[in-house]
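Just so we're on the same page, our numbering is the position in the sequence shown counted from 1, plus 894.
We put the beta carbon where it would ideally sit given N, CA and C, even for glycine.
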Amino acid sequence: MTKITVIPPKLLHKNAANDVLLTNPRKVTPARFRSEVPRNNNSAIAEIDNLYISDAHNENILRAPSLQGAEVGVSFATVIGAANEGAVRGVPFQVIEKIREGLPLGSSRNLSLDDDAIESFLTYHKISRPSTSFSFVNLADHYFFYRKPHEHIPGIMLLEAARQSIYYQLYTYSKHVLGSVTVSLSELNAKFYAYGDLMYPIEIIIDDLGQEDEHYPRKVHYSTSFYQRGALIAKIDAHALVISMDKFKVVRNACLFDTESFVPLPSTPIISLITSSEMKQSIVSLRKIGKDSCVTSRPKISGLQNAFLTVVYDGSLCFRAPISLLNEDETGVTWTFGQMEYVELEHLKEIIKCSFILSQVNTQPVDVAI
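Right, dumping it as structure tokens:
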């Protein structure tokens, strides 16, 4: 089995490596499960089986971990109790270490929980929809600490880690293709039981609690739990819709009013180009844009009355429309748009939505300079 420790940012809908808060993804065993197969003689599977207590109904319940001093947060024994009554939860490796310490000598004391052993265990007992463990990026100089001294991990950082874990779980265990869908939150419930400290590792467990088709779910329910020193310090439950990107763009596209104009943010990655009927071209600065008109810097083409404006956003979105000169003043050159195709208007809306802000609401007629 190929072990992955670094998760590509794109898989989590991020653009840069330092945005990723998760590392070392691994499948984990459940806190309880029902199995109709007999105990296995395979040593790796048998050793993991020893972590559980079986009853006459083939129910397997994880042994309670040993307690070591005062725990900050919720003990996993309490988490197991909740799991016995409801949703199945994955077991953090931090907790398994504590369970192993409490077992008799010769009874899984030498247990090796490598990925192949866990995979064999899950397959043998026909456990589907496995939970995933991650190591949390717990660095005090990370920008999520707001570049100021912090004695604990900001809660908003845990929320972002939970969001990232959802994308990992969805793309890893469903058949949804990366880039074809997005996750739109409909409900979020976060509980913080203790502060997360910088000094100790934090392990994240994400559980798939959804009831829908596991291959192409449209509604998902994920629970992301954070453990430190074997105790639960936070839990974030999320209900969400899985929406195709095409539908998402329609739903999220801006509804622009005729009187509105927008200015690009300073860091907006756009290139604007004016092309004359003689195919002469000039790169310009786009200063303002709306449904009916725009303002640019002066193009390096003299005598322009009619031309085409092309706006490229981040190398991925492109808007193109005919323009006619309206006037020129100290704010720049104002152009009105000619007949625009529907698809171009949709592209314009998407570009504005991504990285523009409202400039002003015009109270003058549309044919007056913005």
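Closest by C-alpha distance to residue i, when choosing among the options
i, options, result
"Pro945", "Asn936, His951 and Ile955", "Per the sequence shown, the amino acid found at residue 945 is Leu instead of Pro. Nearest option by C-alpha distance: Ile955."
"Leu1242", "Cys1212, Ser1191, Tyr1067 and Thr1230", "Cys1212"
"Asp1008", "Ala925, Ile990 and Ser1059", "Ile990"
"Gln1175", "Ala1215, Val1237 and Ile1195", "Ile1195"
"Ala1088", "Glu930, Arg928 and Ala1125", "Ala1125"
"Glu1235", "Leu1219, Cys1248 and Arg1214", "Arg1214"
"Ser1022", "Leu1159, Arg1181, Leu1252 and Gln1105", "Gln1105"
"Thr1230", "Val1237, Ser1218, Val966 and Glu1172", "Ser1218"
"Glu1013", "Thr972, His1070, Asp1140 and Ala938", "Ala938"
"Glu1054", "Ser1068, His1070 and Leu1082", "Leu1082"
"Leu1203", "His907, Thr1228, Leu1072 and Asn952", "Thr1228"
"Phe1028", "His1046, Gln1063 and Val1189", "Gln1063"
"Glu1238", "Leu1220, Asp1186 and Leu905", "Asp1186"
"Thr1169", "His1046, Tyr1121 and Ala1201", "Ala1201"
"Tyr1121", "Arg1181, Ser929, Val968 and Asp1140", "Val968"
"Asp1140", "Asp1152, Glu1240 and Val966", "Glu1240"
"Leu1092", "Phe1030, Gln1058, Leu1103 and Gly1073", "Phe1030"
"Gln1199", "Glu1224, Ser1171, Cys1188 and Val931", "Ser1171"
Other residues of its chain near residue i: CB distance less than 6 angstroms, five sequence neighbours each side excluded
i, result
"Asp1101", "Arg983, Gly984, Ser1025 and Ser1117"
"Ala1056", "Thr1118 and Ile1130"
"Pro1163", "Asp1208"
"Ser1191", "Val1178, Ser1179 and Gly1226"
"Val900", "none"
"Arg1123", "Tyr1094"
"His907", "Tyr1061"
"Ala958", "Ala971"
"Pro1193", "Ile1168, Ser1176 and Val1178"
"Met1173", "none"
Beta-carbon gap between residue i and residue j smaller than 8 angstroms
i, j, result
"Leu1052", "Gly1090", "yes"
"Ile1050", "Leu1150", "no"
"Thr923", "Phe1015", "yes"
"Ser1166", "Gly1184", "no"
"His1133", "Ser1080", "yes"
"Val1144", "Val1077", "no"
"Asn934", "Ala940", "yes"
"Gln988", "Glu1108", "no"
"Val1075", "Ser1138", "yes"
"Pro1216", "Gly1232", "yes"
"Ala1011", "Ile942", "yes"
"Tyr1110", "His1046", "no"
"Asn952", "Arg928", "yes"
"Leu905", "Tyr1065", "yes"
"Ala1034", "Lys1085", "no"
DSSP bridge partner residues for residue i (one or two, in chain order)
i, result
"Pro1158", "Phe1250"
"Pro1216", "Phe1202"
"Lys1270", "With the chain covering only 895 through 1264, there is no way to say anything about residue 1270."
"Phe1231", "Ile1217"
"Lys1113", "Leu1135"
"Leu1167", "Ile1177 and Thr1204"
"Asn954", "Phe927 and Ser948"
"Tyr1121", "Glu1097 and Leu1126"
Contacting residues, own chain, Cβ-Cβ under 8 angstroms from residue i (five flanking each side not counted)
i, result
"Ile1060", "Val1077, Ile1100, Val1114, Tyr1116, Thr1118, Ala1132 and Ala1134"
"Phe1250", "Phe1156, Val1157, Pro1158, Leu1159, Thr1162 and Ile1183"
"Glu1222", "Arg1192 and Thr1228"
"Asp949", "Ile955"
"Phe1038", "Leu915, Pro1048, Ile1050, Met1051 and Glu1054"
Own chain residues within Cβ distance below 7 angstroms of residue i, not counting five before or after
i, result
"Pro903", "Asn909, Ala910, Ala911, Asp913 and Val914"
"Leu1252", "Glu1154 and Phe1156"
"Cys1248", "Tyr1207"
"Arg1112", "Glu1106, Leu1135 and Val1136"
Whole beta strand (DSSP E) elements within the region 912–938, 3-residue minimum: Counting only runs of at least 3 residues, the region 912–938 fully encloses the following beta strand (DSSP E) elements, listed from N- to C-terminal order: 916–921 and 926–928.
Sequence ranges, beta strand (DSSP E) only - wholly within the region 1064–1109, length at least 3: Considered as a whole, the region 1064–1109 harbours 1075–1086 and 1096–1102 as its complete beta strand (DSSP E) runs of no fewer than 3 residues, in chain order.
What are the uninterrupted segments assigned as beta strand (DSSP E) that are 3 or more residues long and contained completely in the region 1010–1042, given in chain order? Within the region 1010–1042, complete beta strand (DSSP E) segments of at least 3 residues are found at 1026–1030, given in chain order.
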